[in-house]
Structure formats: structure tokens, C-alpha cells
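Numbering (the numbering used here), first residue to last: 116 to 505. Just below is one structure, and these are the notes that go with it.
What follows is the structure, given as C-alpha cells:
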């Protein structure tokens, strides 16, 4: 398998799907490598499609931000209005200490963004008891709000500042995490304390919270499951991998879905070996696909022939094809079969783009009906009846 340092170059790969795979690799790993963001910004300059740039920036939304990169994001927020929300999302997750270095130029920012940054900078000035009180106050502030309007990046910023404190008292995070596991999943957004506790457990690398985090993977609350998964990745010890492997055979699909996310995020040979054992023992085909996907995301080249066989057995599962193809490229496997996979993926991408262009064109021309013999709005050059209207 490739190391994180070896994977960095692939963020700048000439093929967009390999760039996306590499970015996913580091997003899954919850990496705090400050070099990554500068590479992502370079990757954004490789294409002029706004959607692709937004996708890359979203993948980097919780990447570590260095003082130099904070200044660069600050500049781009002012100079690139179309991407201002995307750059701001990354900046708002930065460590408050880093944001403090921008305080002199905040007056030029939109009022809402300026206030959010100022609130983060203020965290640095708080005593540890006051900081923990701010954490509790924010949990109350967002109680009952829908996730789409919650400034969850503030939770990340607070967790980063709390983890920096040397005078932090012992926090009973396990109790808070377990408190919300049995709630009504339809009302998961009513209270964020459990998910927030997962975030903090991850940044504190609190191994005592591992059993509660594993239980959270088996809950019915999406945000709790996701944040427990990320926390376990951040803790990232061999004991976490052992615990996931042990519980895997005793659990159902929901746990498997997030547990494989933990194994995929811990980019170590130890995690690869555990995943390989689970893959070789699995008898259910959906479970096999899930574990093959995980091995690919770990860039494992150990059992690629078996993964190819599985791909054929699943009637050419496209999700598996995407990661299997990327894994082969990254491991330097280039043969006729891999080239055929690329051609298939290119055809699928083109069909998707053509359909997207058509939908946008129809939306823009909604007042005028497209005739069957007119040029297709997708821009293919063919008649509508032989293209998107077929």
C-alpha cells in the first residue's frame, strides 16, 4: 500500500478521477498535514469547471490550515466571489490561533463571515473553564436547529482549541456519546451533544471513549455514526483496528458501513491486514464488495486479482469499478483490462455530463419546447430525438 506522503502527488494527477480518489484518501484519513491544502488549491487550478473546483474544496473543508494558507484563503475570499463560501468553509474550521493572525484585515469581509471569525478568535482568549462553558453554550444554542443551518465548523474550531489546552480536566465523553444512541432517529437533529462529544473525543485522541464510539457506529443516527467514525480514525491506534475487526463479525450492515470507513481511514499496514482478513473470510457478496472497496481505498495491491473476480461476479458494480481502477493506476498496474475500465468510466462520465447539460439547457429554455428534430440542448450536435430525447 502507498504511504500518505506517496499519495500527495496524486492530488495533482492529470486524470480527474484519480485526483478525486486521492483527495478522498486524505479526507477519510482526517489528516492534519498542513501541506495538503496548498496541494488542493493547486489542483483546483488544473481545471476550469466550477463544479469540480467546489467538489475539491468541499473535500478539504476540515483540512489543517497553516498561517500562510489562512492568508491565501483570506485573499481568495476577497478576489473570487463565486467561490467565497467554499473558501470560507475551510477557513472557518481552522485552528483559532491561526485565525488570530488575520484579525487586522477582518473589516474588509462580509459582516456574517467576519463575526464568525471573530467568535473563533475569541476562543483563544478564554480560560479553559470558560472555553468548556462556551462549548456547552453552543450545544444549547443549536439544539433543535436543522443541520443545514448549524455552523458545525465552529465545533471543529472549538475542538482544536480545547485539544491544545494543557490544563484540561478529565471529560466524561463516553457518557455523553451513549446518551444519544437510543434516541428517535427522526429527531436526531434536536440535539448535537452526542456528535459534538464524538468530535472532541477524536481531537483529544481519547482511547477511553473507543467502546462508546464503536457503539455509536451501530446507532440509527447518521451524524452520530459519521462523527464516531471520524473520531475512531483520529484516534487511529492498533487497538481501534482490533476492536473494529472483532466486532465486525458480530454486527449488521449499518455497523459494517461505518466500520469499513474506520478501517479505510486508518492508513496503516495494520489496518490493511485486518481488512484483508475480513475480506477473505466474508461470504456475503455485499460484505465482500464493501471490504474490497475498503482495500482499494487503503491502496492495497495484495489481493487485486480476487477483487477483479468479485467485480465480474457483481455484474460489473460501477462503484467498485471506480475504486478498483484508481487503485490499479496508483499501484502502477497498466494493462489492457485497466484501459478498458478507463474507457467505460469515461463513457459513463460523458453520458452524465451530457444529461446534466441537457437538464440545464431545458431549464434555461423552459419557455420554448424542444422539437424532436431540433439540435439537442446538451450540445452533442445530434438531433434531440436521437440523443437526450431518445
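Glycine included, each C-beta is placed from N, C-alpha and C at the ideal position.
query	result
Just list the beta strand (DSSP E) runs in the segment 418-448, keeping only unbroken ones of 3 residues or longer that don't cross its boundaries, in chain order.	none
State the Cα-Cα distance for the pair residue 164 and residue 440, rounded to the nearest angstrom.	23 Å
Can you grab the Cα-Cα spacing for the pair residue 334 / residue 369, in whole Å?	8 Å
Rounded to whole angstroms, what's the CA-CA distance from residue 133 to residue 452? Just pull it up for me.	17 Å
Drop a sphere of 10 angstroms on the beta-carbon of residue 249, count the other beta-carbons inside from all chains shown, and report buried for 16 or more, exposed for fewer.	buried
Do you know how far the Cα of residue 281 is from the Cα of residue 435?	45 Å
Can you tell me where the alpha helix (DSSP H) holding residue 309 begins and where it ends?	308-319
What span of residues does the alpha helix (DSSP H) with residue 186 cover, start to end?	182-194
Jot down the residue ranges of each uninterrupted alpha helix (DSSP H) in the segment 379-410, minimum 4 residues, whole runs only, in chain order.	384-396
What did DSSP end up calling residue 500 once you bin it into helix, strand or coil?	Residue confidence is low: residue 500 scores 47 on pLDDT, short of 50, so the model does not pin down where it sits. Its coordinate-derived value is still stated next. Of the three classes helix, strand and coil, the one that applies to residue 500 here is helix, per DSSP.
Whether or not the segment 312-328 and the segment 281-290 are in contact is what I'm after, with contact meaning three or more pairs of Cβ atoms, one per stretch, closer than 8 Å; do they touch?	yes
Could you tell me whether the Cβ atoms of residue 343 and residue 358 are closer together than 8 Å?	no
Evaluate the contact criterion for the segment 125-140 versus the segment 417-431: three or more CB pairs, one atom per stretch, below 8 Å.	no
So the alpha helix (DSSP H) residue 569 belongs to, where does it begin and stop?	Residue 569 lies beyond the range of the chain shown here (116 to 505); nothing can be said about it.
Distance, Cα to Cα, residue 183 vs residue 402?	44 Å
Quick one: is residue 202 buried, meaning 16 or more other Cβ sit within 10 Å of its Cβ, or exposed?	buried
Whole angstroms are fine: how far does the CA of residue 221 sit from the CA of residue 348?	34 Å
Just tell me which of 205, 307, 175 and 264 has its CA closest to the CA of residue 252.	307
Return the chain-ordered ranges of every alpha helix (DSSP H) run that is complete within the segment 225-271 and spans a minimum of 4 residues.	226-240 and 243-257
Please report the residue range of the alpha helix (DSSP H) in which residue 291 lies.	288-294
Should residue 185 be labelled buried (16 or more other beta-carbon atoms within 10 Å of its own) or exposed?	buried
Considering only residues of the same chain and omitting the five flanking positions on each side of residue 153, which have a CB-CB separation below 7 Å?	184
Within 10 angstroms of the Cβ of residue 257, are there 16 or more other Cβ atoms? Answer buried if so, exposed if not.	buried
Specify the secondary structure class of residue 136 as computed by DSSP and reduced to three states.	helix
Once you ignore the five residues that flank residue 426 on each side, which residues in its own chain have a CB closer than 7 Å to its CB?	432, 435, 436 and 439
From residue 141 to residue 447, what does the alpha carbon distance come to, in whole angstroms?	20 Å
Using CA atoms only, rank isn't needed, just tell me which of 346, 224, 232 and 138 is closest to residue 322.	346
Quick check: is any heavy atom of the ligand GDP less than 7 Å from the C-beta of residue 132?	Absence of the ligand GDP from the depicted structure is noted, as is the absence of any ligand whatsoever, leaving it without description.
Going by alpha carbons, who is nearest to residue 120 out of 167, 219, 192 and 382?	382
Cα separation between residue 264 and residue 326?	31 Å
Where does residue 331 fall in DSSP's three states?	helix
Taking buried to mean at least 16 other C-beta atoms within 10 Å of its own C-beta, is residue 145 buried or exposed?	buried
Can you tell which of 239, 338, 350 and 259 has the C-alpha that lies nearest to the C-alpha of residue 273?	239
On the three-state DSSP scale, how would you describe residue 372?	helix
With the cut-off set at 8 Å, would you say residue 353 and residue 385 are in Cβ contact?	yes
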